[in-house]
Amino acid sequence: MNLAQTQIGQIVTVTHVAGEGSFRRRLMELGLVPGTRVEVIGVAPLGDPLELLVRGSSLSIRRAEAEDVSVGLGEVSSAERAPEMTGCAQAGGSLAPPGLASSAP
Amino acid sequence: MTQHELSSVSRGEPDAAHHPAHTPLLLLIGNPNTGKTTLFNRLTGQNARMGNYPGITVERRSGDLTLRAAGAERVVEVVDVPGAYSLSARSAEEQIALSAVLGWAENPRPDLCVLVVDAGQLARNLYLVTQLLELDVQVVVVLNMIDEVRENPPNAAELSRFLGVPCIATDARHGKGLLELERAISAALELPARRALRINYPPALERDLERVSAALPSEWRGSAARARALALWALTSVEEDDELQGVDPALRTRCLEVRAQAGARDIDQEVIATRYALIDAELPKLYPRLESHPKKRKTSERVDRVLLHPVFGFAIFIGLMLLMFQSLFSWSDPAIRLIEACTSMSADFVEAHVPESIVRDLVTRGVIGGVGNVVVFLPQILLLFFCIGILEDSGYMARVAFLMDRIMKALGLHGRAFVPMLSGFACAVPAILATRTMERQRDRLLTMLVVPLMTCSARLPVYTLIIGALFPPSHLFGWLPVQGLLMIAMYLFSTFITLISAGVLGRTAVKGRRIPLILELPPYRLPSFTGTLSMMWRRAAMFLREAGSGILLFTILLWALLSFPRPAHVDQPPPPAAAIHQQGRSVPNPQLASSPAPVQGPSAIEQSYGGRLGKALEPVLRPLGFDWKIGVGLIGAFAAREVFVSTLGLVYGIGDADENTTPLRDKIRHERSADGSAAYSPLMGLSLMVFFALSCQCMSTLMVVYRETRTLRWPLFMFGYMTTLAYVASFIVYQGGRLLGF
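As they're listed, the protein sequences go chains A and B.
Once you know that position 37 of the first sequence is 37 in the numbering used here, the rest is easy, because the numbers rise by one and skip nothing.
Once you know that position 289 of the second sequence is 1289 in the numbering used here, the rest is easy, because the numbers rise by one and skip nothing.
As structure tokens, then:
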């Protein structure tokens, strides 16, 4: 599963970032390193870009980029201690047009 | 668990020159959207000097900060470095931050780096902090926008302990915490002390770093910590095909070698994940409570549910954009009229008091006209930057990019290109200036190159004249007015061509590497009017200073082209005052306009160099259906497109013609070619409108592109591709139309 396929409000964990060179590095430098929990908090009305919550910071990236980020369903492991993931699951659910959040190619 | 160490404090470093006459240099660095520029304005009192970074067309803003500590005053130069998420780079543009910090590539070496951090986005911002601290430079950290995390603010003292450098909490928008910051800056300058952060990377990576360090050129080894940090930087920046500047070939080879030998290991991930692990481990200790979804952000998200809604969001967006466009298009009108009236009054005044001579003509037509040609852009520039200031400041500009990115992406453009493109419908000059709101050079360039294809307001008088003269007011299907339809068709045509051109140019001439779009949706804030006003003023002053002289010079040149050689006796109206920018509204002379002088023999303009050039061009223009008279009009139109109308008037011996002048329309309608047939057909009219839609008949646009790119290459390229496009399209319209029997 990749980040573009997740539902709005779903919390997932990054497992792998694909892509080449500087492009991939830039995604990771924004906080999308393996092990990070991410939530898609919104989708632009035209279906792209996506708005993410990563390490307590909001960030928008395009669907094409999100497809390079493989994710797994995020169980809250005991090792997770960063504070950013609490109390944010309620955000943004109404932003997406129906069907867009799950209709990644 | 990752460890980090703070190396011992090093004092009296050899690289900071501390003689008394030296004005200390302070860099403001940070991620985009951290309020860096607001802080810069607060510190320097908005007396910014604009320049460029050496060797690259990226704006370098600097200003003076006066520190008052212990009764003594000390002036410090502050430079606002472009926002960056990381110091690692693959292009010269991304390299700016590092070059500025280390004083590379002709940049002056800074004495202190003030790192601005958004208190509400701490984790991501701390990434840059770790990079900078590894570099072993002197740093003061500013925890800005602290007011937005009031309920759960990160602890500045705790952060200072973790990083080993002073951390000051500020709220730059409201001017809070600035005194403490100035005190910290004074103290840091007084007692230079660097603390290098040492992060322990996985053992394999440490071995790689040693190998890369060994290949560093001697001028890159300041201290052991600096050498290590630069080895890290090179290892995560150098690629086979990067566009970095000043990287030693031996170092480059070594980096590529080490990366190739890494095998299954992932060097980038090792570096980045280690830094983030360090940040993640520290973060909980910085907050009073384990909750970091600030209230301000929640409020913003609620507002976004409406403003980014598929229906209401777009409705509000279209409304706001229409309002902005309306203000550019119509509200600037009274100011433009006033400027035009002033220009023609000054010219009339000179004409009334100075006897007829070539010098008088130079002053009235060239100089006064030229100054008018420059000043006439100001109303639209000021209005556009007012709108942009409010949009940026309130946080809505990021939403515009968010909403429109899907569409702009298809054209190879950034979502932020939307506002400049839209302003292109009013005038290309302010629109090109507005491309500075985009971060990436390639995005700015591509937007700049296609914006002049949009139907600007200066094309309207030309279309009005042609449609009025050559297309009789008839109705399609008995109710659709043909004239109005044609006007709409011209708008649709130009928009369509603009979009196609952006797509094509973005894949050819300004091909950029694919980089991720990074967009932040900042919380909504109340816009600052003083900040916006000062930005409007700066942009306008810059336009006057940089593009003004060029436009003035070209106006005089065009005047000379259409005035020399002088006819033996002047009984024809003089060449056009090129100052008639918008709508060709020079103050009309009713006598001349209502009673056309009978044309006997060639007009003055026909004998001028411009007239001769028009005649020389006729064979080239023939296939498009144009004769030499149109050719002269096209030359005159370089001053500004609508000057075509008054130039054509002069060719026909009609002074002060505008697009609604009946005699000029009649002349065009009844013009006969040698065989007695009508010289100008509706088909030729269509061909001429297509030519105007696509060609770059505007020296001001070319001048502004030259000033923005600082090279002749792009204005020449723009002129070349637009003229070719216009010629080919007109050719197809005219010859195709004739084949079809029109």
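Here a beta-carbon is modelled for each residue, glycine too, at the ideal position from N, C-alpha and C.
As the structure is a prediction and not an experimental result, all values here were calculated from the model.
In this structure, the alpha-carbon of A1335(B) lies about 14 Å from that of Q1326(B). Counting only Cβ-Cβ distances below 9 Å, R1539(B) has no contacts in chain A at all, with the closest Cβ about 27 Å away. Those residues of the segment 6-17 of chain A placed with their C-beta closer than 8 Å to a C-beta in chain B are V17, ordered along the chain. Closest option to G1611(B), judged by alpha-carbon separation, among A1657(B), L1624(B) and A1560(B): A1560(B). Checking the DSSP bridge columns, you'll see V69(A) partnered with V17(A).
Counting along the chain, R1713(B) sits inside the alpha helix (DSSP H) bounded by residues R1713 to L1739. C1255(B) and L1235(B) do touch by the CB rule: their CB atoms are close to 5 Å apart, below 8 Å. Within 10 angstroms of the beta-carbon of R1124(B) lie 16 or more other beta-carbons, which makes it buried. Residue contact with chain A for F1402(B): present (Cβ-Cβ distance below 7 Å to some residue of chain A). Interface flag for E1243(B) against chain A is unset, since no Cβ pair is found closer than 7 Å. Y1524(B) has its alpha-carbon roughly 29 Å from the corresponding atom of Q5(A). Within the same chain, and ignoring the five residues on either side of M1490(B) in sequence, the residues whose Cβ sits closer than 7 Å to its Cβ are T1455, Y1463, M1689 and A1693. Around the C-beta of G1035(B), 16 or more other C-beta atoms lie within 10 Å, and the residue is accordingly described as buried. Under the three-state reduction of DSSP output, H1475(B) falls in the strand class. For the segment 27-39 of chain A, the residues whose beta carbon sits under 9 Å from a beta carbon of chain B are, in order, L27, M28, E29, L30, G31, V33, P34, G35 and T36. Taking the Cα of G1370(B) as reference, the smallest distance to any Cα among R1302(B), M1421(B), V1238(B) and M1699(B) is reached at M1699(B). Taken through DSSP and simplified to helix, strand or coil, N1107(B) comes out as coil. When the beta-carbon positions are compared, R24(A) and D48(A) stay at least 7 Å from each other. Within the same chain, Cβ atoms closer than 7 Å to the Cβ of T1364(B) are found at A1347, V1350, E1351 and A1577, the five residues on either side in sequence being excluded.
S1086(B) belongs to the set of residues whose beta carbon lies under 7 Å from a beta carbon in chain A. Taking a 10 Å sphere around the C-beta of T36(A), we find 16 or more other C-beta atoms and assign the residue as buried. Chain A places no beta carbon closer than 7 Å to that of L1135(B), leaving this residue out of the contacts. When DSSP states are grouped into helix, strand and coil, K1409(B) belongs to the helix group.
By the neighbour-count criterion, in which 16 or more other beta carbons inside 10 Å mark a residue as buried, P1166(B) falls on the buried side. According to DSSP, residue pairing for I61(A) in a beta bridge involves L50(A). For C1113(B), the enclosing beta strand (DSSP E) covers residues L1112 to D1118.
For the set V1482(B), S1394(B), A1092(B) and G1366(B), the Cα lying nearest the Cα of R1440(B) is the one of A1092(B). A residue is called buried when at least 16 other Cβ atoms come within 10 angstroms of its Cβ; S1062(B) meets this threshold and is buried. By the neighbour-count criterion, in which a residue is buried when 16 or more other Cβ atoms sit within 10 angstroms of its Cβ, K1629(B) is buried.
For a cut-off of 8 Å, the C-beta gap from L53(A) to V69(A) is around 14 Å, too long to register as a contact.
Around the C-beta of N1052(B), fewer than 16 other C-beta atoms lie within 10 Å, and the residue is accordingly described as exposed. Annotated three-state conformation of K1298(B) is helix, per DSSP.
Contact residues of the segment 1107-1125 of chain B toward chain A are D1118, G1120, Q1121, L1122, A1123, R1124 and N1125 (C-beta to C-beta distance below 9 Å). Under the three-state reduction of DSSP, P1024(B) is assigned to coil, being neither helix nor strand. A1169(B) places its beta carbon less than 7 Å from that of I1146(B).
Within 8 Å of the CB of L3(A), no CB atom of chain B is found; the nearest one sits about 12 Å away.
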